[in-house]
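Below is one structure, written out as structure tokens, with a few remarks after it.
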Amino acid sequence: MSAQNGGDAALLLEVRGLTKIFGALKACDNVDLTVRRGEIHSLLGENGAGKSTLVKMLFGSLEPNAGEIRWQGQPVRIGSPSAARKLGIGMVFQHFSLFDALTAAENIALSLDSDAPISTIAAKAQALSHSYGLPLDPFALVGDLSVGERQRIEIIRCLLQTPRLIILDEPTSVLTPQEADKLFETLDRLRAEGKSILYISHRLEEVKRMCDAATVLRHGKVVGHCDPRKETASSLARMMVGNEVQAVVRQPVAGIDKAPALLEVRNLSRPPATPFSIPLRGISLNVRAGEVIGIAGVAGNGQGEFFEAVSGEVMQADAGTVRIRGKDAGRLNISGRRLLGAAFVPEERLGHGAAPRMRLSENLLLSRYATDRKAFVGAGGVVRMGAVDTAAQRIVQTMDVRKSARDPEAAALSGGNLQKFIIGRELDRKPAVMVVNQPTWGVDAGAAAKIRQALIELARSGSAVLVISQDLDELFEISDAIAVMHDGELSKPLPIAEATFEKIGLLMGGAEPGHAAATGHAMETA
Amino acid sequence: MGMFEAILLTIATAATPLLIAGVGELVVERSGVLNLGVEGMMIMGAVTGFGAALATGSPWLGFLAALVVGALFSLLFAVLTLSLATNQVATGLALTLLGLGFSGMLGERFVGMPGIKLGNLDIPYLSDLPVVGKLVFGQDPIFYLSVILTGGVAWFLFRTRAGLTLRSVGDNHGSAHALGINVIGIRYLAVMFGGACAGVAGAYLSLVYTPQWVENMTAGRGWIALALVVFASWRPWRVLAGAYLFGAVSIGQLHAQALGIGVPSQLLSSLPYLATIAVLVLISRNRRLTMINTPASLGRPFVPDR
């Protein structure tokens, strides 16, 4: 190829043999990548495939151990993010690199290398945001903004540096379908202006729709380059995962609406715990025996606060707001609610769902010492480590948890395997009520399918299952009904037969509140 | 000079070391580092200031030495907590214990020796004006520097790019690192600035407040400065208000005790603490503003992946 001589003018970025090693793990192994001018190039791969590591090296946040980066034909060393910016590489981070306590304009100023006063930067940002149809108040505090608005700041910040290559790390994972459409329009326009975009995603449909080329990563290695428009979603999935992913089976069941509600939430409200958190406003929900209810919503609309209130991390003033198997549980702590037959899996695995520096068996004991007191604790309060260990190994077996030692520390497991263990730990009790927040966040497709199937089977065996997730595909796969959380309010659950992406997406954006009745009423009185 | 004027002058003298140490620590904490070693750095400043002034005969050289020693002493803290990512609380406490012990050893030979006092300003005519003359134009030079320092820090933090960068590091060190800001480097500078301030504040005690060396002569002022920063919700002018309030009530209660008011002396002695906390809690009762001003990364160790 002429590229080897640095002659192909259409090539903007060439990466050859880039390698990054963390300890014993090759996060990126001999990666090749070429991005042309004016193309949207997708970087596909599962969580942990090395996508983020690769782009961090391109943006100068990480230093490669080996390999070469060529920019417009010239070999370059990108030692820092400001060096990357000087070359013309901009980045929109997945977990935004914004500062909550600063204004939008101050956030933008921090990443510009110029010394212009804040007011000038604010004016420039506003002008740019208008020209791209991305409205932005430069003097708003970032902590007060929605996730979509924060992403806008990141994009504007990136565009102000007039980059030639824009790296977007999973940009739609935090957006409603409508917000995502808006983003795609912006990307189309940028491509038309001749800018190149490196687009990281594991959402195959949007990659097929948007991207001109794709590079697929698996376990840190490039497994293929392709034109995503010529592939099918399943052929792309096969490249990403390496084998076929088992489809989740969900048989609809009749008569669920007559089953008793095992988890009842009645008019649950909560004031915001911090200035930047969301209040809960009069949430009511029943989850019946045998059904899976999904709660969709853009991150940061009160899902975390709702989970805390339901699980008992935060108690309610009124005991009747949360009822488990017909008993008031609002004033009970987590163990009290577990004793009523409920089980909870929080979003954050390390530090919340599991103690990172403790062994799996110890983590099992920590969460179940109250409910399994007879089995795990002997006379005089001495722990029966043998029984705990047997149970831990049983969970490892049923959930197919892959690990390096017999009973390793929780932090030593990969995210997906730890999540399988944590879910398995709760399923092992056959709980009557199961509440899970983001069950497969950061979990590879194979493990995710296994977790989803296990949740459906739990429900079909007569339990009530409540799943909070940002992943709409997941919710459509497993739920019998989907409710949407927006700005601390929960819509009525839509039966899965009536739910469409569009309907749910509108609810997520708050465009059509699920409380149409309340809005209508307000209008009548007005 | 009337009695009232004299009281006001002593209040300024009592407040100045708290203000200097407090403003220094404020910069440290705004960068996201909690240095509980203020008391230790102050006492090191007090002993070096006293010794250097004695050796050279110049109180100014005493202050300079205290500034350098305070900064160097805080450098020890910075190396441990920033480069080696040790626990900031434990390291800060250790720094205080080390400072108290080490200064006692260094200062043994100074005990009972007469010190050199930094004189007050004496501007012809102006200092002789009635009432305001002594208060505005006749104080010691460090008093003026402490007010300039407060204004300078407020301007730096909220009006300059470097100040914005420092605040961003304190708000979210992960984001700052991702943008290519040198988190550790900025924190080193902030910690050493705080150390230099604490050193000067300590030297103020042994060169202006009571020109002599007594072991443990800081008497907990470092801790009060630390508390002032928190209660002032990390705003420089509020630290000044708190320091002067504390100074006023502590001097006031001394006079009240001397007058023999029928209130137990223990209660009067605790009054400055109670009054300062009460007032600063009241002015920071807007929770939202307090949260915005609180450095979100405060005390969290930062280890960049590279």
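Those sequence lines, one after another, are chains H and X. The letter at position 248 of the first sequence is residue 359 when you use the working numbering, and the numbering goes up by one with no holes. The letter at position 18 of the second sequence is residue 7 when you use the working numbering, and the numbering goes up by one with no holes. For each residue, glycine too, the CB sits at the ideal point set by N, CA and C.
- Ranked by Cα distance from residue 252 of chain H, the options H:224, H:213 and H:226 are led by H:213.
- 8 Å or more divides the Cβ of residue 454 of chain H from the Cβ of residue 433 of chain H.
- The C-beta separation of residue 406 of chain H from residue 577 of chain H comes to about 7 Å, placing the pair in contact by the 8 Å criterion.
- Shown here is that no member of the stretch 128 to 150 of chain H has a Cβ falling below 7 Å from a Cβ of chain X.
- With its beta carbon at least 8 Å from every one in chain H, residue 176 of chain X lies outside the interface.
- By the criterion of at least three beta-carbon pairs nearer than 8 Å, the stretch 187 to 202 of chain X is not in contact with the stretch 235 to 245 of chain H.
- Sequence-distant partners of residue 238 of chain X (beyond 5 residues in either direction) whose C-beta falls short of 6 Å from its own C-beta, in its chain, are 260, 261 and 264.
- Against chain X, the beta carbon of residue 217 of chain H has neighbours under 7 Å at 153, listed in chain order.
- Separation of residue 108 of chain X and residue 5 of chain X (C-alpha to C-alpha, rounded to the nearest whole angstrom) is 15 Å.
- Of all alpha-carbon atoms in X:70, X:69 and X:-6, the one lying nearest the alpha-carbon of residue 117 of chain X is that of X:-6.
- In terms of beta-carbon proximity, residue 611 of chain H stays away from the interface with chain X, with every pair separated by 8 Å or more.
- Taking a cut-off of 8 Å for Cβ pairs, the stretch 49 to 69 of chain X and the stretch 164 to 181 of chain X touch, as three or more such pairs fall below it.
- Secondary structure note for residue 434 of chain H: it is in no alpha helix (DSSP H), and the uninterrupted beta strand (DSSP E) holding it is 433 to 435.
- Neighbours of residue 289 of chain X in chain H, taken as residues at a C-beta separation under 9 Å, are lacking, since the least C-beta distance is about 13 Å.
- Under the three-state reduction of DSSP output, residue 185 of chain H falls in the strand class.
- Here the stretch 377 to 389 of chain H makes contact with the stretch 409 to 427 of chain H; the two share three or more CB pairs at distances below 8 Å.
- Between the beta-carbon of residue 277 of chain H and that of residue 306 of chain H there is about 6 Å, and that keeps the pair under the 8 Å contact cut.
- For residue 259 of chain H, the CB contacts under 8 Å within the same chain, skipping 5 residues up- and downstream, are 285, 286, 287, 290 and 409 in chain order.
- DSSP places residue 310 of chain H outside any alpha helix (DSSP H); the residue lies instead in the beta strand (DSSP E), whose first and last residues are 307 to 312.
- At least 8 Å separates the beta-carbon of residue 498 of chain H from that of residue 516 of chain H.
- Buried is the label assigned to residue 128 of chain X, since at least 16 other Cβ atoms lie within 10 Å of its Cβ.
- For the options H:615, H:596 and H:435, the alpha carbon positioned closest to that of residue 389 of chain H is the one of H:596.
- Here the alpha carbons of residue 524 of chain H and residue 514 of chain H stand approximately 6 Å from one another.
- Residues of chain X whose Cβ lies closer than 7 Å to the Cβ of residue 210 of chain H are, in chain order, 157, 160, 161 and 164.
- Assignment of beta strand (DSSP E) within the stretch 229 to 295 of chain X, counting only whole runs of 3 or more residues, yields no such run.
- Contact between residue 442 of chain H and residue 426 of chain H holds, since their C-beta atoms are separated by about 6 Å, short of 8 Å.
- Nearest in C-alpha terms to residue 234 of chain X, of all of X:268, X:123 and X:24, is X:268.
- Excluding its 5 nearest sequence neighbours in each direction, residue 281 of chain H has C-beta neighbours in its own chain below 7 Å: 205, 311 and 312, listed in chain order.
- With contacts defined as CB atoms closer than 8 Å, residue 176 of chain X and residue 22 of chain X qualify as a contacting pair.
- Taking the Cβ atoms as the reference, residue 245 of chain X lies roughly 6 Å from residue 257 of chain X, within the contact range of under 8 Å.
- One Cα belongs to residue 221 of chain X, the other to residue 102 of chain X, and the distance between them is close to 38 Å.
- Collapsing the DSSP output to three states places residue 171 of chain X in coil.
- Scanning the stretch 222 to 307 of chain H for uninterrupted alpha helix (DSSP H) segments of 4 residues or longer gives 229 to 242, 258 to 271 and 288 to 303, listed from N- to C-terminal end.
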